[in-house]
Every structure is written in C-alpha cells, then in structure tokens.
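Structure first, commentary second.
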C-alpha cells in the first residue's frame, strides 16, 4: 500500500498542480463564517484526527454544519468488544482497529453517494471523526480515494498536549473512554508530519478559535480545487 509520503497529489483544479498541502498550519484569529464550496466534480472526505479529548467530535460537527455535509462519529463504529476493552482501560491493538477502520472507511464512501437523505444529490463531501493515531491507520482511510480522482481525502489533526487531554477526558460524562487511556493513545500516536494531505491545527487555544482556524484551513484547501 502506498504511504502518504509516496502518493502524489492528484492534479485536479487549476491550482492543484502548483500547491501541496502543508503538514502544519498557523492561522491568526478570523471572524466565524460558513464554508460553502461550489458544487463540482470533486468530493472531499475530511477526517478529523487526534487522541481522545482533542475535540474531534466538536470540530467535526462544526465542520459538518459549515459544509452542509454528512458527519460520521468514529466511536459509533467500534464493536462492543472494543468499547468494553477501552472502558476497562485495555488499549486496542492493531488487530482490534482494522475492522473498525474499514467499516468507517466504507461508511464514508457510502455517504458520498446519492440517497434519499440528500434528495439524491451527492454531497460535496463527508466529515469523519476518527483518531487515526498511526500512519498505517490513515493509510487504511486513504484507500477511499485510491483510483477515484473525483474523491480527495484530507486529515485535520488537532494537536494537544497530554495534560490538556487528560483534563478534557476526565471531565466527560458517560463515555467509555477513560482518562487512563490517554497515555496509551499518546504512545501509539504518530503525528502526520510530512504527510501532504494532513493539516495540523493547534488545539490549545479556545474552542471557538480552533473552529475558526479549521474552517480557514478547509477554505484554503478547497480553493486549490476551484
């Protein structure tokens, strides 16, 4: 399987050949606005990634509302066995994650298809909340776009330190993921440095600013395909 560093960016859109995604973005505060891409041939899969507590679900739902596209919560695709393991403080293995990632990837592909839910008009994309901690996990998700030039996949990595993650996870109610799992996730974490289809967002700032920076990064990325 090709890795992120080996796969060239498809030349779609007049600016795509001249521009490659940056592995890290830094944005100044900007006013809130709604990203509304023009209908076109390219559909985008936006995978919001990072360890538990980084804000994947919150950012994912905000991006869903801005883009007016479907949203998939990765936690919903874990098997009951996986949820019980994590709830008991037992880290998931690679073997535990393969079926989960494939199910989530297939659901993302399906969400791009015309259906009664979208009045039989294919959406411009789909937003997925998925930890995707390792590069090989992201490679599993990348298969969704292989051989399909009209589908592009992007990873939005929310970067946050261990102390902040622990505080956020400890404050969550009625969730199977406990704060004791944060350290194991950080041990597994392979930040997407040098991966051309990944955008890194500093999530240490207030949530509203994180959302602004994500929306600005997405807007800039969509502009490459116009």
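Numbering (this note's numbering), first residue to last: 1196 to 1421.
The beta-carbon is built from N, C-alpha and C at its ideal position, and this holds for glycine as well.
When the beta-carbon positions are compared, residue 1286 and residue 1381 stay at least 7 Å from each other. In the DSSP assignment, residue 1353 falls within the beta strand (DSSP E) that extends over 1346-1354.
Per DSSP, the unbroken beta strand (DSSP E) holding residue 1244 starts and ends at 1238-1244. Classified as exposed, residue 1276 has fewer than 16 neighbouring CB atoms from the shown chains inside 10 Å of its CB. DSSP, reduced to helix, strand and coil, places residue 1299 within a helical segment of the structure shown. For residue 1393, the enclosing beta strand (DSSP E) has its first and last residue at 1393-1397. In this structure residue 1240 does not touch residue 1364 by the C-beta definition: roughly 26 Å separates them, more than the 8 Å allowed. Residue 1354 holds the alpha-carbon nearest to the alpha-carbon of residue 1400 among 1354, 1421, 1410. Excluding five sequence positions before and after residue 1308, the CB atoms of its chain that fall closer than 8 Å to its own CB belong to 1317, given in chain order.
DSSP places residue 1409 in the uninterrupted alpha helix (DSSP H) bounded by 1402-1418.
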